[in-house]
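Remarks on the structure that follows.
Residue numbers (the numbering used here), protein chains in the order written: chain A, 1 to 402; chain B, 403 to 595.
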């Protein structure tokens, strides 16, 4: 009795509470779904690794790439997941600094929409093309059938005409002629009926060579389009320049440090002395003789420097040697070298006069130098008055005031 | 039939435009999302000397981070310019950091000893490619510029030169962003030729 009561209970419960059965089923389903969809860490790692494209490979996921960079990315993924990061956070830790998408299953966006649409467009286009081809083929078959019927009709008409001639000439028995006519007329009616239901086409059958030519032209057009369009989008990486070309004339736009770096990195460049001179002049004009000195010295001793550049450097070196160190004799040697390299330039000679006067108190030599400078056609008029005054002072035996 | 043929040609042309347009977006040449963002907080072990170097240690300075390796031909081409720029900007609040990428430290050291090294540059080892991944490096050489506020403001792809380095730093000192410049080829790994 007790067993019977126990066995009957579940039936009674589910009948009395149908919602309970439903709930149990739903809960069981949810539990199964949860267990099935549970992300074990190793599975997540493998899944993410198979979805991230190795940035230094060609379309290979980092999980499958032997590249050290890919292995390092997998390791960062693993550490991120071990630390409790979500899938998105782990991906961000690896790809956060990379431009674009390195995911192998790119999401739908304006940049990727073409990728998603191409298969559908291709299928639709393929179906359309197949339809058109099929229609074209059936049209050609109909034309062939009609031509065949026309031929049969003409043949049976000719047979009837021939029969009439034979009858008129008594070449055939009347009974046989009647049978044949009946047969021919039945065949003619059949052909005429068939022709009536076979649509006539105004277009002649396409000629194969013409179609081939059209196809070839279209294919060539498509290929040319693809090549032309692709070529227009290919990005060329520029060649690295030496870093000095074109800079010498624009040195004013660059800092002293930039000029110094370019000079140091391009010591053998043919334009380097122009840059050295530009940087040295900056230091000279700022009164920073120690900074200017090595650059002038490099220009003065450079095989690549022009005579004008070397003369300028020697002139500055001469003046710095005198004004900075008081070494008049050395200064005069340097200025004399400058004058030999640029004989038309009156400036080295003028400085020689200044050193003779102010450094050696040699009034006679100073007066000769100033006179020669004043006679130079290259002398700028703006300083002529100053030099005339200095010559007058020298000739009067006045001591240098500097 | 002609309509269908023209449709095929038209479709091909459209596809060519759409797909070919992606040639212009080589990921390696695409703008870095780091530009305008705080520099990654990376700590790397010194290649020359002991201890670690953190980019955060150079707060207030302009930092130039260059990824190089001994197996990278282009890195050898740009090295002289980097040394020269590091030396000339050493007293101007600019810190150069050379990051040896996927390279045996012994090979990196030999590379530096052969081509020269700037005493003002911090040379470090990129263990586990952490620095390269943090900066989104596709290939080397690549050079990043970080301003005094710690923001990534510039990037050079390919072998750089003294002029580009100097003018980029000059721009940062004027408060301008040098942006991104492509100067040539990069190498993605030791086997990349």
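Even glycine gets a Cβ: it sits at the ideal position worked out from N, Cα and C.
Discussion item. Give me the subset of the stretch 74–95 of chain A whose CB atoms are less than 7 angstroms from a CB atom of chain B, sorted by chain position.
Written reply: Taking 7 angstroms as the Cβ-Cβ cut-off against chain B, the residues of the stretch 74–95 of chain A that qualify are 75, 76 and 94.
Worksheet item: Which residue from 127(A), 282(A), 88(A) and 336(A) puts its Cα closest to that of residue 419(A)?
Response: With chain A running from 1 to 402 in the structure shown, residue 419(A) is simply not present.
Worksheet item: Roughly how many angstroms lie between the CA atoms of residue 442(B) and residue 523(B), to the nearest whole one?
Response: 19 angstroms
Item to complete: Figure out for me which residue from 510(B), 578(B), 436(B) and 582(B) has the closest Cα to the Cα of residue 478(B).
Response: 510(B)
Worksheet item: Roughly how many angstroms lie between the CA atoms of residue 505(B) and residue 571(B), to the nearest whole one?
Response: 28 angstroms
Practice prompt. Please report how far the alpha carbon of residue 538(B) lies from the alpha carbon of residue 555(B), in whole angstroms.
Written response: Linking residue 538(B) to residue 555(B) through their CA atoms gives a straight-line distance of about 14 angstroms.
Worksheet item: For the stretch 558–569 of chain B, which residues have a beta carbon sitting closer than 7 angstroms to at least one beta carbon of chain A?
Response: 560, 561, 563, 564, 565, 566, 567, 568 and 569
Practice prompt. Starting from residue 325(A), trace the alpha helix (DSSP H) both ways and give me its first and last residue.
Written response: 307–325
Discussion item. Run through the DSSP bridge pairs and tell me what residue 440(B) is partnered with.
Written reply: 553(B)
Worksheet entry | Cα-Cα separation between residue 174(A) and residue 154(A), rounded to whole angstroms | 24 angstroms
Worksheet item: In the DSSP assignment, what residue or residues form a beta bridge with residue 542(B)?
Response: Bridge partners of residue 542(B): 589(B).
Discussion item. By DSSP's criteria, residue 502(B) is part of a beta bridge. Which residues make up the other side?
Written reply: 470(B) and 527(B)
Fill in: Short CB-CB distance (under 8 angstroms) between residue 103(A) and chain B
False, the Cβ-Cβ gap to chain B never drops below 8 angstroms.
Worksheet entry | Whole-angstrom distance between residue 195(A) and residue 140(A), CA atom to CA atom | 15 angstroms
Item to complete: For residue 144(A), go through chain B and note every residue whose CB falls closer than 8 angstroms to its CB, in chain order.
Response: Those do not exist, as residue 144(A) stays about 17 angstroms from chain B at its closest Cβ, beyond 8 angstroms.
Worksheet item: Apart from the five residues just before and just after residue 449(B), which ones in its own chain have a Cβ nearer than 7 angstroms to its Cβ?
Response: 502, 507, 510, 511, 525, 526 and 527
Practice prompt. For residue 412(B), write down the residues that DSSP places opposite it in a beta bridge.
Written response: Its beta-bridge partners do not exist; DSSP assigns none.
Worksheet item: Residues bridged to residue 581(B) by DSSP?
Response: 556(B)
Discussion item. Counting only beta-carbon separations shorter than 8 angstroms, does residue 552(B) have a partner in chain A?
Written reply: no
Worksheet item: Taking 8 angstroms as the CB-CB cut-off, is residue 64(A) touching chain B?
Response: Residue 64(A) does not count as touching chain B.
Discussion item. So residue 490(B) contacts chain A; which residues on that side make the cut at Cβ distance below 7 angstroms?
Written reply: In chain order: 257, 260, 261 and 264.
Worksheet item: Can you tell me whether DSSP reads residue 248(A) as helix, strand or coil?
Response: In this prediction, residue 248(A) scores a pLDDT of 46, lower than 50, which makes its location untrustworthy; the coordinate-derived value is nonetheless stated afterwards. It is helical.
Worksheet item: Going straight from the alpha carbon of residue 559(B) to that of residue 529(B), what length do you get?
Response: The alpha-carbon atoms of residue 559(B) and residue 529(B) are separated by roughly 21 angstroms.
Worksheet entry | Opening and closing residue of the beta strand (DSSP E) in which residue 374(B) lies | Outside the displayed range of chain B (403 to 595) lies residue 374(B), so it cannot be described from this structure.
Discussion item. Quick check: what's the CA-CA separation for residue 49(A) versus residue 91(A)?
Written reply: Distance between the alpha carbons of residue 49(A) and residue 91(A) is about 9 angstroms.
Fill in: Cα-Cα separation, residue 356(A) to residue 331(A)
Straight-line spacing of the CA atoms in residue 356(A) and residue 331(A) works out to 10 angstroms.
Discussion item. To test your reading of the DSSP string, which unbroken alpha helix (DSSP H) runs of 4 or more residues are found completely within the stretch 334–367 of chain A?
Written reply: Within the stretch 334–367 of chain A, the complete alpha helix (DSSP H) runs of at least 4 residues are 346–358.
Discussion item. Strictly below 8 angstroms CB to CB, what residues from chain B border residue 218(A)?
Written reply: 407, 408, 410 and 411
Practice prompt. Compile a chain-ordered list of the residues in the stretch 290–303 of chain A whose CB is closer than 7 angstroms to at least one CB of chain B.
Written response: none
Worksheet item: For residue 567(B), does the count of other Cβ atoms within 10 angstroms reach 16, so buried, or fall short, so exposed?
Response: Around the Cβ of residue 567(B), a 10 Å sphere holds 16 or more other Cβ atoms; the residue is buried.
Fill in: 7 angstroms CB neighbourhood of residue 591(B) in its chain, flanking five on each side removed
504
Worksheet item: Which partner residues of residue 150(A) appear in the DSSP bridge assignment?
Response: DSSP output for residue 150(A) lists no bridge partner at all.
Worksheet item: Is the shortest distance between the beta-carbon of residue 48(A) and the beta-carbons of chain B less than 8 angstroms?
Response: Taking Cβ atoms only, chain B never reaches closer than 8 angstroms to residue 48(A), which makes this a no.
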